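Shown next, in structure tokens, is the structure this report addresses.
Protein chains in written order, with my numbering: chain A, 2 to 406; chain B, 716 to 1324.
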């Protein structure tokens, strides 16, 4: 069975989650949809925004499609192992079907073959025009930035279980699973009674670190001494994590090396959170967190939601991020973050300054950060960041809003 | 609907063409015209209004005609006027086209042609056809140009075309709209239906969808759009010339009832937006953002249109969660007549000339309301007064009792409700299911018409009654009102429609063996309650005739007869449920010897207050 992961016209509503990466590469519940699709389907194609393709085709190569039954899966589908399994079962029946979620086509099986010349702008409407019978179940998609945290909590244990079942890990202690060359300091405390702890290849847990499962630490990542990393945390590869973290996703190559709290949040790749940076994930009123999205205020349905920080953003020491904030790509934060932050924005609102991060500055920062991890900045990386800068230009109109705490 | 006619042969060409479209006038009568072929040229005559004689000047001009094409119009694009009347010609005047149907992609084609400098003289979609053919015509191969043009068109059409370069020929094409042709060696004739051909010959060829051809007295050659030859045998028509204006039906009312599968299609044509799971209703001029700013809807209507408005209220409230008020137009006009801020006023009128509705609409506008019209007649007063709205595209409704216009109003209101609901956040899956259900309606309506024998039995049972009750709940309550009205209008039996739950609050005192009750119980949401109502009637000796959903046996043991409706969402049930109620009224009236098409004391369009 061949599968096509497609972005649609709603993808952009996820904000900085997807500004610099395709929706199928957003980590939620330990995994990304691309990997889940690779495990299930023989052939995986992609339909994504043009400017992402040159970089993303390196990390997420797409196969050439053939004629024959083709399962279209929305790239924003929550990467729940159970959902992907269910889709594969429906697809194996060979009969056309469509699953939806809210206003989106979540998945559809075309029995006769793929759509030629599909693009994010037209793929969903073309699928709707085929008038496929509707599946009885809805398949959830990540529609808004806060959804990534909401669904992360719902599917985390299921997906962690699937990861453990892959057989890549050895059970070093009861419910503690490790990959190759994992080092755990003797003074570290690992509590896996409430859920498994999974440490991937070359992960290091330093002295006096406290880990409470269920949680996942990616390849080559380091849990700094005296840190407290608690349930429902998923850390990507090549990260350094310190301070206190709970119920959060941290993508590859990001750092939160020092003290400070991160809770119920999503942190993109190549982010650095300076010492003392903390976020709030609970309102003083204990009420529902409402999040600004595209000029509207959307109720999240969650009592606990911290923030979403886009790829390449940086927070200076002691940055304090208020509840329910969405921070763009390549933003630089100082002081109190009391509003959403556009991409490529120098946000020092509490000091009376909000200005733009120029694309040249952003490229320099990327190059320097890449170098520290022995990654070479390619022309494709540059082109991607330039394209994201242009694509997010409208957000920076917000930088002109009145300055007050 | 329009009527098209073509003739090549001997005789007085102008009289033959005029008589041909006069026989088709039931299909449309707001304007007419003809194009005759003369040596080396074409001459065109067009007029607004009903078919009459042409000017003496034109008669003198066209004495050397070898044949021609003619058209009687029911406007769909462009108001009735001489300018918009057919035939339409290309810029040189050497290609003339008459057309019945709707070209759905005419706007982009028109824009593309205009960008190339093609001058347009009318507002119609048909004119695009003439210009397209001219664009592709190289001066030698008209067939190739015609085929190329047909391949570009989307939509419904029956086309007759003639060219000054090709004397003695008429070119025909059909897709969805009917077209027949005949030739005997001495003449050739083509028309929208066999009724206009029968005076010449009873052996006609029915063109199939996606076919085009060249008609001459010596033969008809047909091809499909893949340019493959098509062979079709002539069939012998068996109806009487006198019947042809009613298309073989004894009454216009019966004909229009039977047209409903097609008129339902017409009301939806070009308006189902599958790609976005919504309705495409450009005529409203409403953006999604404007819809989200609406706080209420107010519907103004009279009679059957008011009943449609009540059903529309239930649809809009349940699907879009917008509050809706429905007013009798005269009560609004002479009452408090409040118009809500951030509201929308919708005026419903088949003819678009109903005086009460027009007056109420003008009052709403005077108060600053945003107004939309839902009408059948293009360019009518209500349509012009609103400036925005939706046409039914049901074709002329000649029976005084409204039948097809009612179901078309319900279809249009369904689309309107879907459009509002999607803008207000209706989930994709619900919208897809609703669209699937709408698309199933024409076939389901056809299935209902096949059961007309069952309704005759009920009509016979009711025809001797002096009074009758119709009861229903939710969507079927207004349908009960409409069923009662139909019975009153054409059979003169007094009938009352009431909400089923209200029966026990007074009207149940009327129940006795002489009072038949028609129970509308096809909705799933309220079936249990309706069953209870039927038991209440039966226990008081009342006679019950029920309409139920296929497969439901809840009324089998309780009702004298049960009519089954195909399964549909509750909101669409009245569209199917109206058909048996119309037929019951029709057959009851027949049995009582009433004038079905011209009931006493009634007029088709009530143009007085």
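Beta carbons are placed, not taken as given, at the ideal position from N, Cα and C, and that holds for glycine. If you're wondering where the values come from, they're calculated on a predicted model, not measured in any experiment.
Does the Cβ-Cβ distance between residue i and residue j come in under 9 Å?
i, j, result
"residue 1167(B)", "residue 1298(B)", "yes"
"residue 227(A)", "residue 242(A)", "no"
"residue 811(B)", "residue 877(B)", "yes"
"residue 888(B)", "residue 911(B)", "no"
"residue 186(A)", "residue 209(A)", "yes"
"residue 1258(B)", "residue 1231(B)", "yes"
"residue 751(B)", "residue 782(B)", "yes"
"residue 944(B)", "residue 883(B)", "no"
"residue 308(A)", "residue 336(A)", "no"
"residue 722(B)", "residue 913(B)", "no"
"residue 800(B)", "residue 762(B)", "yes"
"residue 1070(B)", "residue 1205(B)", "no"
"residue 53(A)", "residue 72(A)", "no"
"residue 1293(B)", "residue 1122(B)", "yes"
"residue 1059(B)", "residue 1009(B)", "yes"
"residue 1149(B)", "residue 1289(B)", "no"
"residue 121(A)", "residue 18(A)", "no"
"residue 162(A)", "residue 197(A)", "yes"
"residue 1177(B)", "residue 1202(B)", "yes"
"residue 1172(B)", "residue 1185(B)", "no"
Considering only the alpha carbon of each residue, which of the options lies closest to residue i?
i, options, result
"residue 1209(B)", "1218(B), 1179(B), 1217(B)", "1179(B)"
"residue 1139(B)", "979(B), 1038(B), 1219(B)", "1038(B)"
"residue 1162(B)", "1173(B), 1036(B), 976(B)", "976(B)"
"residue 929(B)", "860(B), 918(B), 986(B)", "860(B)"
"residue 758(B)", "808(B), 1102(B), 1051(B), 1254(B)", "808(B)"
"residue 372(A)", "254(A), 63(A), 166(A)", "254(A)"
"residue 979(B)", "1158(B), 754(B), 1311(B), 1276(B)", "1158(B)"
"residue 982(B)", "753(B), 1110(B), 951(B)", "1110(B)"
"residue 1228(B)", "848(B), 1077(B), 1068(B), 1256(B)", "1256(B)"
"residue 949(B)", "1283(B), 895(B), 842(B)", "895(B)"
"residue 780(B)", "755(B), 1215(B), 794(B)", "755(B)"
"residue 845(B)", "833(B), 1136(B), 855(B)", "833(B)"
"residue 1275(B)", "1265(B), 1296(B), 1253(B)", "1253(B)"
"residue 24(A)", "76(A), 257(A), 172(A)", "76(A)"
Can you give me the Cβ contacts of residue i inside the same chain, cut-off strictly under 7 Å, excluding the 5 residues immediately before and after it?
i, result
"residue 404(A)", "With a pLDDT of only 40 at residue 404(A), under 50, the local geometry of the prediction cannot be trusted, and the value read off the model is given with reservation. If we look at residue 404(A) and ignore the five residues flanking it on each side, its Cβ neighbours are 350, 353, 355."
"residue 401(A)", "Low per-residue confidence applies at residue 401(A): pLDDT is 45, beneath 50, and the placement is therefore not dependable, though the value from the model is reported in the following sentence. Cβ neighbours of residue 401(A) beyond the five flanking positions: none."
"residue 1241(B)", "1188, 1189"
"residue 970(B)", "961, 962, 964"
"residue 789(B)", "716, 717, 742, 743, 745, 1110, 1111"
"residue 1087(B)", "999, 1059, 1061, 1101, 1103, 1104"
For residue i, I'd like the list of residues in its chain whose CB is within less than 8 Å of its CB, leaving aside the five on either flank, ordered along the chain.
i, result
"residue 20(A)", "311, 312, 329, 330, 344, 389, 392, 393"
"residue 1081(B)", "none"
"residue 128(A)", "73, 99, 106, 109, 111, 116"
"residue 406(A)", "Its pLDDT being 35, under 50, residue 406(A) is placed unreliably by the model, and the measurement read from it follows with that caveat. The residues are 337, 339, 350, 351."
"residue 1057(B)", "1008, 1009, 1010, 1011"
Assuming residue i contacts residue j under a Cβ cut-off of 8 Å, what Cβ separation, rounded to an integer in Å, is found between them?
i, j, result
"residue 1249(B)", "residue 985(B)", "Contact doesn't hold; Cβ gap of about 42 Å is too wide."
"residue 827(B)", "residue 1030(B)", "38 Å between Cβ atoms; not a contact."
"residue 1153(B)", "residue 987(B)", "7 Å"
"residue 1023(B)", "residue 1016(B)", "7 Å"
"residue 994(B)", "residue 1147(B)", "Not quite, the Cβ-Cβ distance comes to about 13 Å (not below 8 Å), so this is no contact."
"residue 277(A)", "residue 265(A)", "With 8 Å as the limit, residue 277(A) and residue 265(A) do not qualify as a contact, their Cβ atoms being about 19 Å apart."
"residue 203(A)", "residue 221(A)", "5 Å"
Name the chain E residues whose beta carbon is nearer than 8 Å to that of residue i?
i, result
"residue 315(A)", "Here chain E cannot be found, since the structure's protein chains are A and B."
Quick one: residues in its chain with C-beta nearer than 6 Å to the C-beta of residue i, no 5 flanking neighbours on either side, listed in chain order?
i, result
"residue 1100(B)", "1076"
"residue 92(A)", "2, 72, 110"
"residue 47(A)", "6, 63"
"residue 1391(B)", "This structure cannot settle anything about residue 1391(B), because the visible part of chain B is limited to 716 through 1324."
"residue 141(A)", "79, 102"
query: In chain order, which beta strand (DSSP E) runs of at least 3 residues are fully inside the stretch 1195 to 1223 of chain B?
result: Taken in chain order, the unbroken stretches of beta strand (DSSP E) that lie wholly in the stretch 1195 to 1223 of chain B and span 3 residues or more are 1209 to 1214.
query: If you scan the stretch 78 to 104 of chain A from start to end, which runs of the beta strand (DSSP E) of 3 or more residues do you find wholly inside it?
result: Segments of the beta strand (DSSP E) lying fully in the stretch 78 to 104 of chain A: 98 to 102.
message: Which runs of the alpha helix (DSSP H) at least 4 residues long sit entirely within the stretch 991 to 1068 of chain B? Give them in chain order.
response: 1003 to 1008, 1018 to 1035, 1044 to 1049, all fully within the stretch 991 to 1068 of chain B.
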